[in-house]
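Presented below is the structure to which this report refers.
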Amino acid sequence: MQQIEVLHGTYYDSVTLMRVAQEVAKIEGIEEATLNMATEANIKIMAAAGFDFTGLEFSPSDLIIAVKGKEEVLSNAIAKAKEYLVSPPWKKTQTLDSDEYYPKSVEGALSILPDANLALISIAGRYAGAEAKKSLERGLHVMLYSDNVPLETEIEIKKIAKDKNLLVMGPDCGTAVIRGKGLGFANACPVGPVGIVAAAGTGLQEVHVQLARRGVGVLHAIGTGGRDVKEDVGGITTLSGIDALIEDDEIKVIVVIGKPPASSVEKKVLERLQHANKPSVIGFIGSGLSGDRPPIYVCRELEETAAVTAALVLGQEVEAVREKLTERYELLKRKALKSRHRGFLRGLYSGGTLCYEAQLIAADLIGPVYSNAPLKSGMRLPDSLKSIGHSMVDYGEDEFTQGRLHPMMDSSFRANRLIMEAEDPEVKAVLFDCVIGYGCHPDPAKQMAEAVKRARIKTGDRVTFISYVCGVDSDPQNAARQREILERAGVIVLDSNAEAARFACYTVMGDDKYGINE
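Residues in the sequence shown are numbered from 1378 upward in steps of one, following the numbering used here.
In structure tokens:
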């Protein structure tokens, strides 16, 4: 049974809604509880989960409380949800010093921290530009975590920043590292002589983590936001970031990573790096750029980017390092092909760049992949909640995060989707990432492992589950522990996103594909 109540004209932030839903789900007899703003995307997601909105009236400014479970406890669960919204149980044990000042503006923050030189802004996108301008006018660099910022606003504030010799990292900048200290979603990696410029998502995290596993640290990682390298923006932050790293004597190797840039931006990046007084590595995932041109080294994938960077720092032969990677992938292929089953692959990603890289690898091995963020527009899923053939979905896309926590903070929706994908009789492998670090869910592997266990009850051994933990042991969640949790649930866990994608593709590859007849 289910029950739904609409609270008209009521708004709460996504963190509060998640925590209330978690409290309500603890009530005996409740199978599922969800609270969301009634946006079109959220209603679509909830309907796909089995909630029936027939006869209900609502708008995006309304709050939906929906529960499933035993009929006799549903009304009480709804009542408890409303009670928890007004009086959150987790706040009852928290006490604040009434004399302590909590600033609510840039001016207020500067009054207690006058020497600050960076503002981190995380508010609704339509208001973020104004706050960014205020910060720039006060001589502050800006990390703009907010998404849904209009393109014209991004261009405007970045031009202001350039004129003032300041940086705007973002919009939609989830990760940055300044003097070894992580901002946003970040990992507890060592400090070292590498400087990174990236769109500032999981691509940056993956390179950061893979460098750490090779004993190499990062001093600065400058986020740009995904649109910065597009023609309209012109790579303003990317180029300013490169200039800053060139001028920094502590930086010995520069890394530039992201999805393919506009050709004009790519040309400017190459010109900047060609005349730098230090080596650099470019990892434009999926671009047509190829061939090293020392001091510039060009890579196609994230792990390769990290491996080549580490080689330059450690004084190793670049080609020898690349050969070792190739050998490792070949061994992985032989292992995966021993248990292959012809069928479809489904990928469920929290990281956009990780999803993009996985599609790139899959396109080479099993052919084009459908996605809500595809390599080519012709492979776009008509409905992101209905997979077709080989599909990989980025659950961090705006369509899934409006009024809802990012999947790196809450994997519950993605976990439910894993079960649904595994139930498809044509699916033979399910691939997913597990991103950890500061800002991420405290135990994401547990959420996904429970989903795998539930899926196995229905599917048995028909489906192979494959994952990769993007993180290090010194992260709050501990990468080794997260890996162990997944492996106990029967998940095959690989050492990089590139490895996981390859293994998953080989698992579903038919006997006649690419002359494989072992």
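For every residue, glycine included, the Cβ atom is placed at its ideal position computed from N, Cα and C.
Check: Delimiting residues of the alpha helix (DSSP H) encompassing K1558; Outcome: Here K1558 belongs to no alpha helix (DSSP H); instead the beta strand (DSSP E) covers K1558 to G1561.
Check: Sufficient close CB pairs (3 or more, under 8 Å) joining the region 1582-1594 to the region 1603-1615; Outcome: no
Check: Proximal residues to P1802 (C-beta, below 7 Å), its chain only, five neighbours per side dropped; Outcome: none
Check: The region 1685-1700 touching the region 1764-1778, judged by at least three CB pairs closer than 8 Å; Outcome: no
Check: Own chain residues within Cβ distance below 7 Å of L1709, not counting five before or after; Outcome: E1876, R1879 and F1880
Check: Coarse secondary structure for E1382, derived from DSSP in three states; Outcome: strand
Check: Range covered by the alpha helix (DSSP H) that runs through T1884; Outcome: N1874 to V1885
Check: When E1449, E1405, P1672 and S1844 are compared against V1870, the one with the closest alpha-carbon; Outcome: S1844
Check: Bridge partner(s) assigned by DSSP for G1724; Outcome: M1769 and L1808
Check: DSSP state of H1346 mapped onto helix, strand, coil; Outcome: Past the boundaries of the shown model lies residue 1346; the chain is included only from 1378 to 1895, so the question cannot be answered.
Check: Per-residue burial, G1837 [other beta carbons within 10 Å of its own, 16 or more giving buried]; Outcome: exposed
Check: Other residues of its chain near S1788: CB distance less than 8 Å, five sequence neighbours each side excluded; Outcome: S1727, H1818, P1821, Q1824 and M1825
Check: Test item: CB-CB of G1572 and H1597 under 7 Å; Outcome: yes
Check: Buried versus exposed call for L1651 [16 or more other C-beta atoms within 10 Å across all chains shown]; Outcome: Leu is not the amino acid found at residue 1651; the sequence shown has Gln there. Q1651 should be labelled exposed.
Check: Euclidean distance between Cα positions of A1565 and D1605; Outcome: 26 Å
Check: Integer-rounded CB distance, given that M1414 should sit under 8 Å from Y1388; Outcome: 7 Å
Check: CB contact flag (E1774, A1750, <7 Å); Outcome: yes
Check: Length of the line joining the Cα atoms of E1896 and I1619; Outcome: Outside the displayed range of the chain (1378 to 1895) lies residue 1896, so it cannot be described from this structure.
Check: Contact under 7 Å by Cβ, G1557 with V1568; Outcome: yes
Check: Residue interval of the alpha helix (DSSP H) (run including Y1815); Outcome: Y1815 -> no alpha helix (DSSP H), and no H or E assigned at all.
Check: Chain-order list of residues whose beta-carbon lies under 6 Å from that of D1429 (same chain, five-residue window excluded); Outcome: none
Check: Nearest-angstrom Cα separation, counted from A1792 out to I1442; Outcome: 20 Å
Check: Beta-carbon contacts of G1386 that lie in its chain and below 8 Å, excluding the five residues immediately before and after; Outcome: S1438 and D1439
Check: Contact set for G1892: own chain, Cβ-Cβ below 8 Å, skip 5 residues either direction; Outcome: Because the pLDDT of G1892 is 38, which lies under 50, any placement of that residue in the model is unreliable, and the number read from its coordinates should be weighed accordingly. For G1892, where only same-chain residues beyond five positions count, there are no Cβ hits under 8 Å.
Check: Simplified DSSP state of E1409, which is helix, strand or coil; Outcome: strand
Check: Residues near T1682 in its chain [Cβ-Cβ closer than 7 Å; skip 5 each side]; Outcome: V1584, V1632, I1634, V1658, G1660 and C1676
Check: Counterpart residues of Y1367 in DSSP-defined beta bridges; Outcome: Here the chain has residues from 1378 to 1895 only, and residue 1367 is not among them.
Check: Cβ-Cβ separation, L1544 to I1599 (assumed contact under 8 Å), whole Å; Outcome: 7 Å
Check: 8 Å CB neighbourhood of Q1693 in its chain, flanking five on each side removed; Outcome: A1687
Check: CA-to-CA distance, A1563 to L1731, given in whole angstroms; Outcome: 15 Å
Check: Whole-angstrom distance between F1790 and E1417, CA atom to CA atom; Outcome: 16 Å
Check: Per-residue DSSP class, three states only, for L1394; Outcome: helix
Check: First through last residue of the beta strand (DSSP E) which encompasses G1446; Outcome: L1440 to G1446
Check: CB of G1506 within 7 Å of CB of G1446, strictly; Outcome: no
Check: Status (buried if at least 16 other CB within 10 Å, exposed otherwise) for M1378; Outcome: exposed
Check: Contact set for E1895: own chain, Cβ-Cβ below 7 Å, skip 5 residues either direction; Outcome: Model confidence at E1895 stands at a pLDDT of 39, short of 50, so the residue's coordinates are unreliable; what they give is reported in the following sentence. Only L1714 meet the Cβ criterion.
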